[in-house]
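Novice: One gets this note's numbering by counting positions in the sequence shown from 1 and adding 119 to each.
For each residue, glycine too, the CB sits at the ideal point set by N, CA and C.
These figures come from a predicted structure and were not determined experimentally.
Questions regarding the structure given below will be posed in turn.
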Amino acid sequence: MTVTQSFQIVLVLGGGNALGSYQAGGDQALHEAGHEPAWVVGASAGAINGALIAGNAPEDRIARLTEFWRPAITGGPMSWWPSPAETLRRTGAVMLTIGAGRPGVFGPIGPLGSWWDPDAAAAAPALFDSKPLAATLARMADFARLNAGAPRYTATAVDLETGEDIVFDAASMAITPDHVRASAALMPTFPPVEIAGRAYVDGGLSANLPLDPVLGDPPQGPVLCIAVDLLPQVERRPRSLGEAIGRTQDLMFAAQTRRTIERWRMAYALDERLRSASVTLACLFYADQEVEVAGKAMDFSAESVRHRWQAGRRDAAALLARLAAGEIATGGEGLTVTGV
């Protein structure tokens with residue numbers, strides 16, 4: 120079902136590797152409410168989720184996201200609070216991923232890795248081979264559909280050698296699985312991806328929540344930009360060394376988002392062209408991370424994926440309820456920011 124609405128939805132999806140199932144849950148809430156994005160912009164894990172959304176018909180997207188993320192289908196109520204047993208389980212899942220990779224996404228380079236089937240696009244050494252991701256995306260997403268632009272698809276990356284911010288936009292070029300893989304090439308975990316002679320790395324190294332393509336050139340008419348960030352800006356003080364490591368990782372990327380939003384607030388206030396636009400930026404953060412461990416981005420266990428998926432679905436549904444109640448206004452002039 121598609122609801123009648125007076126605005127376009129643009130979905131901006133940030134990076135976070137295994138945390139990306141939160142975004143899948145958020146997309147499920149949007150789909151269930153009858154809201155479909157007109158444009159999906161992603162970096163890293165967000166670029167992968169975006170390709171699965173843009174590369175499938177609306178009725179198939181949740182099935183493809185479920186197939187990719189593999190959440191636990193059954194189970195009791197999820198615990199939102201840490202416990203020694205849950206911490207041990209999640210830490211074990213991180214160690215398993217570090218040792219064996221994630222089937223269909225990445226694998227270790229070595230006797231069971233890619234020495235016998237090298238990745239021609241790998242532009243530098245890395246700990247893992249990400250070539251399996253290209254094959255998985257080619258199977259799970261219809262790239263002809265993705266490049267047709269309904270919804271429009273954009274992924275961001277960084278040029279490894281020049282440091283230039285790069286935008287891969289289906290509105291102006293043909294997107295391939297390697298473009299998506301390049302957006303998620305966080306060195307040295309994953310190798311840079313070479314495309315047409317240039318080596319690209321993870322877009323999150325420059326802007327983990329890729330707002331610039333949207334806020335710099337917003338579509339015509341009222342826009343609701345739902346930005347889903349996987350790394351929280353606000354969190355309590357760490358109580359262990361592991362939590363301190365995790366919080367440091369969060370702040371490295373969350374600070375980018377804070378500075379980006381403030382920069383665009385100022386730009387919309389000063390630039391006449393932007394001031395005539397109509398953009399409501401609704402930020403959705405994966406904030407309930409009490410149960411996460413320091414290596415959370417490598418915890419792909421079915422139980423953890425289910426936990427994040429449920430959190431994303433719940434938080435996005437709450438945002439849509441605020442929208443329906445008129446608590447989030449759309450159609451005003453300039454840039455309106457909520458959720459920060």
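#1: Is the Cβ-Cβ distance between residue 306 and residue 286 less than 8 Å?
#2: Can you have a look at residue 214 and say buried or exposed, based on whether 16 or more other CB atoms are within 10 angstroms of its CB?
#3: Can you list, in chain order, the residues of its chain with a C-beta nearer than 7 Å to that of residue 366? Leave out the 5 residues immediately preceding and following it.
#4: Classify residue 336 as buried or exposed, calling it buried when 16 or more other Cβ atoms lie within 10 Å of its own Cβ.
#5: Unbroken beta strand (DSSP E) runs of length 3 or more, entirely within the region 215 to 294: which are they?
#6: Quick check on residue 213: does DSSP put it in helix, strand or coil?
#7: Within the continuous alpha helix (DSSP H) that includes residue 334, where are the two ends?
#8: Would you mind stating whether residue 173 and residue 265 have Cβ atoms separated by less than 8 Å?
#9: Buried or exposed, going by whether 16 or more other CB atoms sit within 10 Å of the CB of residue 411?
#10: Kindly indicate which residue of 302, 288, 352 has the alpha-carbon position closest to the one of residue 402.
#11: What residue does the alpha helix (DSSP H) around residue 376 start on, and which one ends it?
#12: Give the single residue among 441, 425, 150, 242 whose Cα lies nearest to the Cα of residue 178.
#13: What number of angstroms, rounded off, separates the C-alpha of residue 376 from the C-alpha of residue 393?
#14: Label residue 280 either buried or exposed according to how many other C-beta atoms from any shown protein chain fall within 10 Å of its C-beta, with 16 as the threshold for buried.
#15: Roughly how far, in whole angstroms, is the beta-carbon of residue 284 from the beta-carbon of residue 253, given that I think they are within contact range, below 8 Å?
#16: On the DSSP bridge list, what partners appear for residue 317?
#17: Are residue 386 and residue 166 closer than 8 Å when you measure CB to CB?
#18: Check the C-beta distance from residue 132 over to residue 347 and give it rounded, since I have them as a contact under 8 Å.
#19: Any idea what DSSP makes of residue 400, helix, strand or coil?
#20: Where does residue 206 sit, in a helix, a strand or coil, going by DSSP?
#21: Counting only runs that start and end within the region 160 to 186, where is the alpha helix (DSSP H) found for 4 or more residues in a row?
#22: Where residue 291 and residue 191 are concerned, what is the direct C-alpha to C-alpha distance, given to the nearest angstrom?
#23: I'd like to know if the region 267 to 277 and the region 157 to 165 are in contact, where contact means that at least 3 CB-CB pairs between them fall below 8 Å.
#24: Given a cut-off of 8 Å, decide if residue 341 and residue 397 are closer than it, judged by their beta-carbon atoms.
#25: Return the bridge partner residues of residue 127 from the DSSP annotation.
#26: Any idea which residues DSSP pairs residue 455 with across the strands?
#27: Residue 348 by DSSP, collapsed to three states: which one?
#28: Name the residue from 361, 152, 373, 329 whose alpha carbon lies nearest to the alpha carbon of residue 350.
#29: Grouping DSSP H, G and I as helix and E and B as strand, with all else coil, what is residue 305?
#30: On the DSSP bridge list, what partners appear for residue 158?
#31: Throw me the rounded Cβ distance for the residue 427 and residue 140 pair, which I believe falls under 8 Å.
#32: Within 10 angstroms of its Cβ, does residue 339 collect 16 or more other Cβ (buried), or is it exposed?
#33: Which residues in the same chain as residue 130 place their Cβ atom closer than 6 Å to its Cβ, once the five residues preceding and following it in sequence are excluded?
#34: Taking 7 Å as the cut-off, is the C-beta of residue 331 nearer than that to any heavy atom in the ligand NAP?
#35: Distance, Cα to Cα, residue 230 vs residue 442?
Specialist: Reading from the atomic positions:
#1: Going by C-beta atoms, residue 306 is not nearer than 8 Å to residue 286.
#2: When all chains shown are included, residue 214 counts as exposed.
#3: Apart from the 5 residues on each side of it in sequence, residue 366 sits with its Cβ closer than 7 Å to the Cβ of 354, 357 in its chain, given in chain order.
#4: With fewer than 16 Cβ atoms within 10 Å of its Cβ, residue 336 is classed as exposed.
#5: Scanning the region 215 to 294 for uninterrupted beta strand (DSSP E) segments of 3 residues or longer gives 271 to 278, 284 to 288, listed from N- to C-terminal end.
#6: Helix, per DSSP.
#7: Its alpha helix (DSSP H) spans residues 331 to 335.
#8: Yes.
#9: Classification for residue 411: buried.
#10: When each option's Cα is compared against that of residue 402, the closest is 352.
#11: Segment 360 to 389, the alpha helix (DSSP H) holding residue 376.
#12: Of the candidates 441, 425, 150, 242, the residue whose Cα lies closest to the Cα of residue 178 is 150.
#13: Near 19 Å, if we compare the C-alpha coordinates of residue 393 and residue 376.
#14: Classification of residue 280: exposed, given that the 10 Å Cβ count is below 16.
#15: About 23 Å separates the two Cβ atoms, so there is no contact after all.
#16: When DSSP reads this structure, residue 317 sits in a beta bridge with 314.
#17: No, these two residues do not count as a Cβ contact at 8 Å.
#18: Contact between residue 132 and residue 347 holds, with the beta-carbon distance rounding to 5 Å and staying under 8 Å.
#19: Strand, per DSSP.
#20: In the three-state DSSP reduction, residue 206 falls in the helix class (H, G or I).
#21: Correct list: 164 to 173.
#22: For residue 291 and residue 191, the distance between alpha carbons rounds to 38 Å.
#23: At 8 Å Cβ cutoff, the stretches touch.
#24: Cβ distance < 8 Å, so residue 397 and residue 341 count as in contact.
#25: Per DSSP, 342.
#26: Residue 455 pairs with 399.
#27: It is a strand residue.
#28: The option with the nearest alpha carbon to residue 350 is 373.
#29: Secondary structure at residue 305: coil, using DSSP grouped into helix, strand and coil.
#30: For residue 158, the pairing in a beta bridge is given by DSSP as 129, 271.
#31: The Cβ separation is near 4 Å, so the contact holds.
#32: With fewer than 16 Cβ atoms within 10 Å of its Cβ, residue 339 is classed as exposed.
#33: Non-local beta-carbon contacts of residue 130 in its own chain, meaning distances under 6 Å to residues more than five positions away in sequence, involve 156, 159, 345 in chain order.
#34: In the structure on display, the ligand NAP does not appear, and there are no ligands present to speak of.
#35: Only weak support exists for where residue 230 lies, its pLDDT of 47 falling under 50; the coordinates are left without a value.
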